[in-house]
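Structure record follows, encoded as C-alpha cells.
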Amino acid sequence: MKMSKLFVQTLRDYPSDAEVISHKLLVRAGYIRKLANGIYNYLPLMWRVLKKVENIVREEMDASGAQELLMPFVQPEELWKESGRWDVYGKELMRLKDRHDRGMCLGPTHEEVITFIAREGIKSYKQLPVNLYQIQSKFRDEVRPRYGLLRGREFIMKDAYSFDVNQEGLEKSYKIMADAYTRIFDRCGLETKAVQSDSGAIGGAVSHEYMVLIDDNENNAGENDVFFCKNKSCGYAANANHAVSVLNPAETDGSKYFSGLNKVDTPNTTTIEELAAFLKIPQTVILKSMIYIADNKVVMALIRADKTFEETKVMNAVKAHDIRSAAPAELEAIFGASKGFVGPKDIEKVKIPDEYDGETIQVVADLTAKEMKNFVIGANETDKHFTGVNWSDLKEPVFADIRLVEKGEKCPDCGEPLYVTKGIEVGNIFQLGTKYSKAMNAVFLDENGKTQPFIMGCYGIGISRTAAAAVERHHDEHGIKWPVAIAPYHVDIVPVNVQNELQTKVADEIYEKLLAKKVEAVLDDRDERAGVKFKDADLIGFPFRITVGKTIDDGLVEFKTRETGEVINLTPEEAVNKILEVLGITI
RNA sequence: CGGGAUGUAGCGCAGCUUGGUAGCGCACCUCGCUUGGGACGAGGGGGUCGCACGUUCAAAUCGUGUCAUCCCGACCA
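Residues 2 to 588, numbered by the working numbering, are exactly what the first sequence covers, in order.
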C-alpha cells in the first residue's frame, strides 16, 4: 500500500476526551473514530489489526476442533424469557420492539441462541461432544462506557459454546479451550495469566479469566485487581472478586477489655478508627456491620472490622443479581440509627419499610467473624455500641467468605505472601453445566435412551479489547509498537526525499520485491520531510522500517526495529532478506 | 443513577468576567522554497459558537431548560 493512498489521518495532538493510552494512541494514529458514546468506527488500519486477531483466534479454535457459525445479532425476547435472563440481565441488555410490537434485544452474548440451536439439532449422545463458535459484534448498553475500545458498548467478541454428555466431558472441553487460549494470546504477543474468577451474570461454577497484567502506573487501564502467588510451583492467581487468602493470627477475643454484655456510650464514633481509639481496643475485636440493598432486599453483612467487604462475594452469598450499599438516609429509616451504629443484635425484630422486599433482614457474616468472642457491635442507636458480645447473644447468621483479600495475606494453596496487580480481562472460560439446557429444555438421549440436559461450557475472547490491550502493553512515548503478528502492516519503506531519483528507485524496488513475497508493506511515497514520515511511522507502529536516504550513495539502507529501536545498515537486498527472515520466524 | 467538569472549524484551544455579529496553532487547498526526526513565506477554503426558549436595539458572551461528552463510584469481553 502506498502511504499517499492509505486512508489514515494522524493527529498532532491527543484527543481531549481520551484517558487511557490505547484510546489516545488509536485515535491519534488514525485507527479509530468515535461515532457515539462507546461506539467506534474501525478505520482501515484498525480493521486490519482486528482481522489478524480474528484469524489467530479462528485458526486455534479450528485446530482445537471447534466449528465456526454465525448467529443473529438481533434476538427474540422469548428465548431470554425461557432462560430467565430477560428479567435479570438488567439495563445492559439493549431491548427494542419490532414493527409488530414484539420484544427483541441486541445480542450481548449468545447462550440462549446457541442452546436453541443445540435443542433443535442435537438429539443423540452420538453427536457429542461439539463446540460451536462465532466472531461477531456484541452490544451491551454499559452504564459507563469508557477507555475507548477497552470498554465500548459495541465490541467484537469471539464466543464459543461446548456441549457434552457429562461433567467429565465438559472438563475435557474446558481444558482444550484453556490450552487454545494460551496459544492464542501468546501468538498475539500478549502475556496472559489465567485467574480464577466470579462467574457473574453468565452463571456456572468453575471459571477462569485471562488477564493481561498491567504493572506500570502510567495509566489506569487495568480495571481488575488480580491477586497472585509468586511461588512458581504454586501459581495461584485470582480476580479480587474471587480471591481467598489465609490470614495472619490476630487478637479476636475481647475478654481482656470487656466482661459481659453491656451497652456503652460511644459518641461520634462513626468510623472504625474512631471507635477503636475511643474504646482503646484493636479493630480485630470489633464486628463491622454494613447494610446492602440486594435485589431490593435488606441485607446486613458482618466482618471483622480490620477487613473489607467484597461486594460481589456478598451478592453471591445472598444469591442476588444486583447489589448496592444502603444510603445513610436509608439506615436512619430502617434502624433509627445513623451510619456507624447499626448492628446485628435483635435484628430479627427490626421492621422493614414497605418499599423493600422480604420480611426480615438477611444476615451474612464473613468467616473471620466466626471465631470472634467478646466483641463490639453497633447498638442500632446513635452514639451507642454493645461491648462483650458473643454469638450466643445473636441470632445465628449465615457464614460465608465475603472478604476482600489484601496484599501480603497468605496464599490459600501454599502459604506464601500474595501480591496484587492490575489486569485487563481479554478472555474468559466458564463451565456452565446445565443452567441453560435445563431452563430451556435442551436435551439429548444418552446411551440408555434416557433424556439428559446438555452439559455446557462457554468461552469468550474480546477481539477488539485484545487489540487495545496489545497497545496498552506495547507502546512508548512515540506511539504504538505492535507485535508483528497483529500489526496492520509489517514494514514501512521510507524514501527520505522523493525528489531524489535514486532513493525513490531503490525504495520502489524494495517495495515491489516485498509485495511479491507477500510481505505487507507500506511505501511512504509522500512528498513530506523525513521528520513527518518518521513520526507517523513510529505513531502508527510499523514493526519494521526500511529507510532509503543519503546512505544509498554508499549502497546502504537503514533497517530499524520498532520494538527495540535497533538500527542497522544493510544493502537493499540484505534488507529484503532480513524482513523475510524475521517474518519467517514470527508469522 | 449519584458527585464533579466541559460543549466555539477535522484535532488542540482562546474569546465569555465587562453583550456590539468569531479568532489562534495544527490539519486541508494553491504557489514558492525546503528535504534524515512533526521546516519556512505568501495566498486561500471551512464554524447557524451543542440545541431550545427567554432578556436586550443587539447574545458565543447574561438567564432558564434540554441534549451530548468526559472524569470519580456500582456492571462486564
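Backbone N, C-alpha and C define an ideal beta-carbon position, used for all residues, glycine too.
Asked	Found
Taking 8 Å as the cut-off, is the CB of I403 close to at least one heavy atom of the ligand ZN?	Ligands in the displayed structure: none, and consequently the ligand ZN is not present.
Can you tell me where the beta strand (DSSP E) with V507 in it begins and where it stops?	Looking at the DSSP string, V507 is not in any beta strand (DSSP E); the run it does join, the alpha helix (DSSP H), is 502-517.
In terms of DSSP beta bridges, what is D160 paired with?	Q135, G461
Helix, strand or coil: how does DSSP classify S260 here?	coil
So, are the CB atoms of N375 and V364 less than 9 Å apart?	no
Assuming the contact rule is C-beta atoms closer than 8 Å, E592 and I22 should be a hit. Round their C-beta distance to whole Å, please.	Past the boundaries of the shown model lies residue 592; the chain is included only from 2 to 588, so the question cannot be answered.
CB V75 to CB L36, shorter than 9 Å?	no
Exposed or buried, N381, counting other C-beta atoms within 10 Å across all chains shown (16 or more means buried)?	buried
Do you know whose CA, among I292, E311, A277, lies nearest A244's CA?	E311
Count the other C-beta atoms from every protein chain shown that fall within 10 angstroms of the C-beta of G379, then say buried if there are 16 or more, exposed otherwise.	buried
Assuming K385 contacts T267 (C-beta within less than 8 Å), just tell me the rounded distance between them.	6 Å
Output needed for V54: all residues of its chain with C-beta closer than 7 Å, excluding positions within five of it in sequence on either side, in chain order.	C189, I464, T467, A468, I487
Starting from the C-beta of M441, find all residues in its chain whose C-beta is less than 8 Å away, skip the five residues before and the five after it, and write them out in chain order.	L80, E83, S84, E113, T116, F117, R120
Within 8 Å, do at least three Cβ pairs link the stretch 480-500 to the stretch 544-553?	yes
Cα separation between I177 and T552?	52 Å
For S290, which of H209, I511, L405, I304 has the nearest alpha-carbon?	I304
Suppose you measure from the CA of G450 to the CA of E78; what does that come to, to the nearest Å?	33 Å
Relative to the alpha-carbon of E564, which residue among V28, E502, L540 has its alpha-carbon at the smallest distance?	L540
Quick check: P146 and G261, are their CB atoms within less than 9 Å of each other?	no
For my contact list, C235 and E417 are in at a C-beta cut-off of 8 Å; report their separation, rounded to the angstrom.	7 Å
With a threshold of 8 Å, are at least 3 pairs of Cβ atoms found where one atom belongs to the stretch 160-172 and the other to the stretch 127-134?	yes
Of the residues D323, E252, T435, which one's Cα is nearest the Cα of V89?	D323
Keeping to the same chain, check which residues put their C-beta closer than 8 Å to that of V492; ignore five residues upstream and five downstream.	L515, V520, E521, A522, V523, F543, P544, F545, R546, I547, I580
Using only the alpha-carbon positions, how far apart do A181 and E60 sit?	10 Å
CB-CB under 6 Å to M62, same chain, minus the five flanking residues each way: which ones, in chain order?	Y134
Would you call D555 buried or exposed, if buried means 16 or more other Cβ atoms sit within 10 Å of its Cβ?	exposed
Can you tell which of G424, G532, K314, L419 has its C-alpha closest to the C-alpha of K213?	The amino acid at residue 213 is misidentified as Lys; the sequence shows Val. Of the listed residues, the one whose Cα sits closest to V213 is G424.
Can K25 and P16 be called in contact, C-beta distance under 9 Å?	yes
Start and end of the alpha helix (DSSP H) containing A531?	531-541
Please determine, among T110, F156, D165, the residue with the shortest C-alpha to C-alpha distance to K127.	D165
Could you give the first and the last residue of the continuous beta strand (DSSP E) run that contains P77?	75-77
From S174 to G458, what distance separates their C-alpha atoms?	8 Å
Helix, strand or coil: how does DSSP classify M178 here?	helix
For C366 and F336, which I take to be in contact (beta-carbon distance under 8 Å), what is that distance rounded to the nearest angstrom?	The question names Cys, yet the displayed sequence has Ala at residue 366. About 18 Å separates the two Cβ atoms, so there is no contact after all.
Flag this pair as yes or no: are the beta carbons of K408 and L419 separated by less than 9 Å?	yes
Ignore the nearest five residues each way along the sequence and tell me which others in V343's own chain have a CB closer than 7 Å to its CB.	S290, I292, L332, F336, G379, N381
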